[in-house]
Amino acid sequence: MVLTLLGAGTIGAVGGLIVLRGGFYDLSAITQHYALVYTVLGEGMQYSVQNHAREIVVPPNLNTPERLQRGALVYQANCVQCHGGPGVAPNTIGMSMQPAPGPLVDADVNWKTRELYWITRNGIKMSGMPAWEYHLSEPDMWAVVAFVGAMPGMTSQDFKRMTAGGAVPPHVEQTATGRAQQGQEGQP
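For the sequence shown, UniProt numbering gives the first residue as 1, with consecutive numbering after it.
What follows is the structure in structure tokens.
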């Protein structure tokens, strides 16, 4: 039994190495991944986010009207292009990505609030989802998370009303790590 498992594992590893080194797997942004690849990557992402987000403490009173309003403006400026929003489709950049960015109108069904924050802050490797840690302030990241959590009950008219002001007012506070590490891209 042990030898059978060891043999199967060895054959699988050699086969994987042949596919990898031979360049047989199509990584173009035009073709979809195979269902098995989606499943493995999706489950791996889910477990990784759950693990890394478990220590995050959600701020009290996350869903204040002011925070939701700001979150709507930050979301419109940075997220709607890829994920769409209530009554708004993603633009051509978002629809051209592989894997396609998921709609966030039901993100609170699949993710806990602290997990949404972790994803917003850290991004997801090789998915097109950027890390916003160095580009948004801590309050703005939480505002986006609050807004994403409120989207399921929101109409397109609600979204238009919340974003009618247009631009995101500047937020003076930046994350300390963002300022300290902004020039250290690519380092662990």
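Here a beta-carbon is modelled for each residue, glycine too, at the ideal position from N, C-alpha and C. Only a predicted model underlies this, so the values are computations on that prediction, with no experimental measurement involved.
For residue i, tell me which candidate among the options has the shortest Cα-Cα distance.
i	options	result
residue 121	127, 110, 20, 136	136
residue 107	97, 134, 119	119
residue 97	109, 33, 134	33
Given a cut-off of 9 Å on the beta-carbon distance, is the pair residue i and residue j in contact?
i	j	result
residue 114	residue 164	no
residue 49	residue 111	yes
residue 90	residue 105	no
residue 145	residue 20	no
residue 88	residue 28	no
residue 56	residue 117	yes
residue 77	residue 8	no
If residue i and residue j are in contact, beta carbons under 8 Å, what's the gap, nearest whole angstrom?
i	j	result
residue 143	residue 40	With a Cβ gap of about 33 Å, residue 143 and residue 40 do not count as contacting.
residue 35	residue 159	33 Å between Cβ atoms; not a contact.
residue 1	residue 124	Their Cβ separation, rounded to whole angstroms, is 38 Å, which puts residue 1 and residue 124 out of contact at 8 Å.
Between the region 1-16 and the region 83-101, can you find at least three pairs of beta-carbon atoms closer than 8 Å?
no
Examine the Cβ distances between the region 139-151 and the region 59-70 and report whether three or more of them are shorter than 8 Å.
yes
Pick out the complete alpha helix (DSSP H) segments inside the region 102-173, 4 residues or longer, and give them in chain order.
With a minimum length of 4 residues, the continuous alpha helix (DSSP H) runs that stay inside the region 102-173 are 107-110, 113-122, 138-150, 156-162.
Do the region 95-107 and the region 122-136 make contact, defined as three or more Cβ pairs closer than 8 Å?
yes
Residue ranges of each alpha helix (DSSP H) within the region 31-94, 4 or longer:
Along the length of the region 31-94, whole alpha helix (DSSP H) runs at least 4 residues long occupy 35-53, 65-78, 80-83, reported in chain order.
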